[in-house]
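Colleague:
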Amino acid sequence: MKEPTFLKAMVQKAQARRVLEIGTFDGTSALAMAEMLPDDGTVITCEINPGLANLARKRFSRSPHGRKIEVLVGPALETLRNLTGPFDLIFIDADTENYVRYYQRALELLPPTGMLLLDNMRGITLGPVDRSRDPAVGAIGQLSQLIADDTRVIASFKAVRDGVLVITMAPDDP
Ligand SMILES: C[S@@+](CC[C@H](N)C(=O)[O-])C[C@H]1O[C@@H](n2cnc3c(N)ncnc32)[C@H](O)[C@@H]1O
7 MKEPTFLKAM
17 VQKAQARRVL
27 EIGTFDGTSA
37 LAMAEMLPDD
47 GTVITCEINP
57 GLANLARKRF
67 SRSPHGRKIE
77 VLVGPALETL
87 RNLTGPFDLI
97 FIDADTENYV
107 RYYQRALELL
117 PPTGMLLLDN
127 MRGITLGPVD
137 RSRDPAVGAI
147 GQLSQLIADD
157 TRVIASFKAV
167 RDGVLVITMA
177 PDDP
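In this text, residue positions in the sequence shown follow our numbering: the first is 7, and each later residue adds one.
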């Protein structure tokens, strides 16, 4: 399945109105998610590269769903500090080395019914690797251990593009 199709299905499943994305690039995923939102739905998408942000904005301006999307330019870790939740769905697709930090902040911004999608997680299926050779691989390994030990969440791996980890909040114990 192509990733935009998968993202559309996840927006529907989460019944999302407010979506947050880390990593805009040319706007393909933001636009796919915006298409599935109600008229008053919003996607906030974070992009570090001003040129790419402008490219995406131009693309959004040509779509009837583009008005639902706001591009915030800057390092996403800084941008996230100033955002207020809740977001029904958060899609993280940039800056892999900082995935642990994005995960921690995302859980603060999600409601109990929210959904977190982490892209580029195929590394968790590879077993032990030499983490010292690639900080991004090390970050994925660290995050997968953190999630495995985190009793607040339920995680499932989807074989979409480079592997997407779907995180939802675990129900409270009775
Ligand atoms: C894999 S692409 C995103 C693709 C997009 N989500 C899609 O599927 O259409 C990652 C993007 O994140 C941006 N990026 C990298 N580091 C970032 C950071 N620290 N903060 C915000 N954006 C960042 C890159 O410039 C790039 O455009």
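For every residue, glycine included, the Cβ atom is placed at its ideal position computed from N, Cα and C.
1. Tell me whether the beta-carbon of residue 97 lies closer than 8 Å to the beta-carbon of residue 53.
2. Would the segment 69–76 and the segment 85–99 be scored as touching if the rule is three or more Cβ pairs under 8 Å?
3. Examine ligand 1 and report whether any of its heavy atoms sits within less than 7 Å of the Cβ of residue 41.
4. Is there contact between the segment 18–33 and the segment 98–111, where contact requires at least three CB pairs shorter than 8 Å?
5. Just to check my reading of the structure: residue 170 and residue 124 have Cβ atoms closer than 8 Å, yes? What is that Cβ distance to the nearest angstrom?
6. Looking at the structure shown, is residue 3 part of a helix, part of a strand, or coil, going by DSSP?
7. Quick check on residue 67: buried or exposed, where buried means 16 or more other Cβ atoms within 10 Å of its Cβ?
8. Residue 7: buried (16+ other C-beta within 10 angstroms of its C-beta) or exposed?
9. Just to confirm the assignment, what range does the alpha helix (DSSP H) spanning residue 12 have?
Modeller: With the given structure in hand:
1. Annotated as distal: residue 97 and residue 53, with beta-carbon spacing of 8 Å or more.
2. No: fewer than three Cβ pairs fall under 8 Å.
3. In this structure, ligand 1 has no non-hydrogen atom nearer than 7 Å to the beta-carbon of residue 41.
4. Contact between the segment 18–33 and the segment 98–111 is present, because at least three Cβ pairs lie under 8 Å.
5. In this structure residue 170 is in contact with residue 124, their Cβ atoms being roughly 7 Å apart against a cut-off of 8 Å.
6. Nothing about residue 3 can be reported from this structure: the residues present for the chain run from 7 to 180 only.
7. Result: exposed.
8. Exposed, since its Cβ has fewer than 16 Cβ neighbours within 10 Å.
9. For residue 12, the enclosing alpha helix (DSSP H) stretches over residues 9–19.
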